[in-house]
Amino acid sequence: MKSAIAGGFALVVSAFLSLTAPASVQAAPRVTIKYAHCCPPTQAFGVYALDFADRVKKKSKGEIVVEVLHGGVMGTEQVAAQKVQLGVIQMGGITGTNVAQLAPSLNFLGMPYMFTSIDQVTGPKGVLRAGPFRDELNKRVQKESGTLRVVGGYTNAFRSMFAKNKCISKVGDLKGLKFRAPKNPIMTAMWDAWGISTYPIAWGETFGAIGSGVVDAFDSPTEVILTMGFHQHIKYITESTYLPLAAVVIVNTRFFDSLAEADRKLILEAANEADAAHAEWLRKVTADVHKGLVAKGVKFCELENVNEWQSRAQGAWPKLYKLVGGGKEWVDTAQRYLKDGKL
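Under the working numbering, the first residue of the sequence shown is numbered 9, with each subsequent residue one higher.
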């Protein structure tokens, strides 16, 4: 009798515990991936990261979790790229020219006026979308870096020029400006061709530098001005097509190769879908950003004599080939692909 009572009591307790256990308790993920990027969750880099993480979680039914590290907590983009290379973190969404310190072939993305449209970068046949060009790029990146693989790519459009106190329309308007630009030799050569020296301030320090007057102009995609609050200081925007801010999604190859084949396939599928979704998101958000900035008193300026800007910038190309992995041959390969879709 006692045994039956004890057994019944145990069943009641078990049922009670199952009913009162928190619904949110789940099994720990089988794989956790740390993914770093530079910016806030609402900015283009953050939008991509969160979408990618969500797709991985859904596809794996929660068995693979991407832990997104927002806001540059892993350091500058160059430092974050190094941490992916070393395996300190597993993945990152990082501006291509900042990964180029480890894989110089990516510097082709920084050749001024290489691209005429964002679709050439992230459209269905863009150089950063899954396909024959990215396959060839990946071979080069893996060989140069030793431990990096590109699994995705996105942009937040072409870089625009922003100033606190005046429109930038002509090349001569750059004179006298304290212009912030990334510490990147490819981009430095472009600004030199336009006749100015730049201030190589880290991105994370740019907002403070603009606010305090250390610099009074910089360039970045227009979306950044609204989503990161720069409109508090920036009142003039000049949009152009001299350079896209193109980011690559990189993964540590030792980590990636250690995963089961099904997991690798799932991650690649999630990245491919995130690439396409982000390109569409960018198209939709652009018009809203313009309206929002105009409403906050920001003025859009017209770029005059585009041919002068382009010819002077492209005149620096011969000096830049030595900075690109594969040199002129690789740049020519990219140009041919952009023209006819063939390697």
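All residues carry an ideal CB built from backbone N, CA and C; glycine is no exception.
| Asked | Found |
| --- | --- |
| Limits of the unbroken alpha helix (DSSP H) element including A284 | 269–303 |
| I245 beta carbon less than 8 Å from that of S125 | no |
| Exposed unless 16 or more other CB atoms sit within 10 angstroms - verdict on P140 | exposed |
| Three-way DSSP call (helix, strand, coil) for L156 in this model | strand |
| Neighbourhood of Y250 by C-beta, 8 Å cutoff - its chain only, sequence neighbours within 5 removed | P120, Y121, F166, R167, M198, W317, Q318, A321 |
| 8 Å contact criterion, which A255 and I41 should meet: CB distance rounded | Not quite, the Cβ-Cβ distance comes to about 17 Å (not below 8 Å), so this is no contact. |
| Sequence-distant residues of its chain with Cβ nearer than 7 Å to A108 (five each side left out) | L114, N115 |
| One or two residues paired with C175 in a DSSP bridge | According to DSSP, which records beta bridges pairwise, C175 is partnered with nothing at all. |
| One or two residues paired with F166 in a DSSP bridge | P252 |
| Alpha helix (DSSP H) segment containing T1, residue limits | Here the chain has residues from 9 to 351 only, and residue 1 is not among them. |
| Contact under 8 Å by Cβ, T261 with T155 | yes |
| Assigned exposure category for G203 - 16 Cβ within 10 Å defines buried | exposed |
| Unbroken alpha helix (DSSP H) run spanning G335, endpoints | 335–348 |
| Residues near A88 by beta carbon distance below 7 Å, same chain, minus five either side | A44, M82, G100, I102 |
| S228 versus A35 - alpha carbon distance | 42 Å |
| Coil, strand or helix - Y56 by DSSP | helix |
| Terminal residues of the beta strand (DSSP E) in which V76 lies | 72–77 |
| Residue of E144, L328, L346 minimising C-alpha distance to P193 | L328 |
| Rounded straight-line distance, which links the Cα of F263 to that of E269 | 12 Å |
| Distance between K67 and Q150 (C-alpha atoms, nearest Å) | 27 Å |
| N260 - partner residues in DSSP beta bridges | L156 |
| Beta strand (DSSP E) segment containing F308, residue limits | 307–309 |
| Among G180, A138, D340, the one whose alpha carbon lies nearest that of V314 | G180 |
| Reduced DSSP category for R148 - H, G, I as helix; E, B as strand; rest coil | helix |
| Burial state of S153, where buried means 16 or more other Cβ atoms lie within 10 Å | buried |
| Three-state class that DSSP yields for K42 in the structure shown | strand |
| Where L110 falls, given that 16 or more other Cβ within 10 Å makes a residue buried | buried |
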